[in-house]
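Taking it in order: structure first as structure tokens, then the write-up.
Protein chains: 2
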Amino acid sequence: MLLRHPHITEDCRAVSEILQRVGDKWTVLVVGKLGDGAMRFNELRAAVGGISQKMLTTTLRGLERDGFVTRKVFPTIPPRVDYELTELGHELLVPVGALGEWARKNTNRVREARAKFDSQQA
Amino acid sequence: MLLRHPHITEDCRAVSEILQRVGDKWTVLVVGKLGDGAMRFNELRAAVGGISQKMLTTTLRGLERDGFVTRKVFPTIPPRVDYELTELGHELLVPVGALGEWARKNTNRVREARAKFDSQQA
DNA sequence: CAGAATCCATGTAGATACTG
DNA sequence: CAGTATCTACATGGATTCTG
């Protein structure tokens, strides 16, 4: 590998895949909330805000399937289900957090570039 | 902010937004290729591989709009258009690269979790 | 409470054909 | 060469209804 950016160019597809995985509308929001500890379904729903029941279920199932989240069912009445980040889930938070930090710092630069571009399109 | 993961929980929406921005099918692939220097349209198309004309145009326009890429047109015949990463584009490569590194290291763990989950679903 | 199931609107991506 | 325009297929997301 005699490329200038081996950390980027080498197997770029793997990057693209996890970015698509965590790049949907709710995943990082849910993982972010779970970063502070286990939560119940509706507790999580309220914390995230604006997410439908169906999408929270879908998102959590996906995260569970990929090993980022554990699902613990308490067979009580009414039922109680706790969701918690796995070790893998916590580890994912590190690079995602770094990207998030970058995002917060550069939101304005993107916004400005966008405004400039849009005005030039006339 | 007295949260345990302020770098994650604080304005999680901004993270979600750029993740959706770069989390489409082609963006990181294109940015990754451009990481090594300027390229022409069809050169980039061949380098990425599998991308349609339309999607490359769409992806590049989006990147240009957000200030990640510059578009330089040479009014020759046949026409020539060079695309190149901006400073902002290069900076974006840093956190994205980190996430990519994480992705490559943990692809197997995700794959295993997935296989386990799927087998348990009967 | 925590979902499953269904239906529907929208967005995203690809194929194809045409052009300065 | 580097696009634009159009059409179509499929995936994503939301609203609603029902249930153990």
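So the sequence lines, in the order shown, correspond to chains D and E. For the first sequence, the residue numbers in our numbering are 3 to 124. For the second sequence, the residue numbers in our numbering are 3 to 124. All C-beta atoms, glycine included, are put in the ideal place defined by N, C-alpha and C. No experiment lies behind these values; they were computed from the predicted model shown.
| Query | Result |
| --- | --- |
| Presumed contact (8 Å Cβ cut-off) between residue 69 (chain E) and residue 90 (chain E), rounded CB distance | 5 Å |
| Selection of the segment 67-89 of chain D by Cβ proximity to chain E, strictly under 9 Å | 67, 68, 69, 70, 88 |
| Any C-beta of chain E under 7 Å from that of residue 121 (chain D) | no |
| Contacts of residue 110 (chain E) in chain D (Cβ-Cβ under 9 Å) | Under the 9 Å cutoff, chain D gives no residues; its nearest Cβ is about 11 Å from residue 110 (chain E). |
| DSSP beta-bridge partners of residue 19 (chain E) | BP columns for residue 19 (chain E) are empty, so no partner. |
| CB-CB length for residue 87 (chain E) against residue 36 (chain E), believed under 8 Å | 5 Å |
| Contained alpha helix (DSSP H) runs [length at least 4] in the segment 26-69 of chain E, N- to C-terminal order | 29-36, 43-50, 55-67 |
| Beta-bridge partners of residue 76 (chain D), as assigned by DSSP | D:82 |
| Any non-hydrogen atom of the ligand GDP closer than 6 Å to residue 35 (chain E) Cβ | The model depicted lacks the ligand GDP and carries no ligand whatsoever. |
| Below-7 Å beta-carbon distance, residue 58 (chain E) vs any chain D residue | no |
| Nearest residue (CA-CA) to residue 27 (chain D), options D:111, D:52, D:66 | D:52 |
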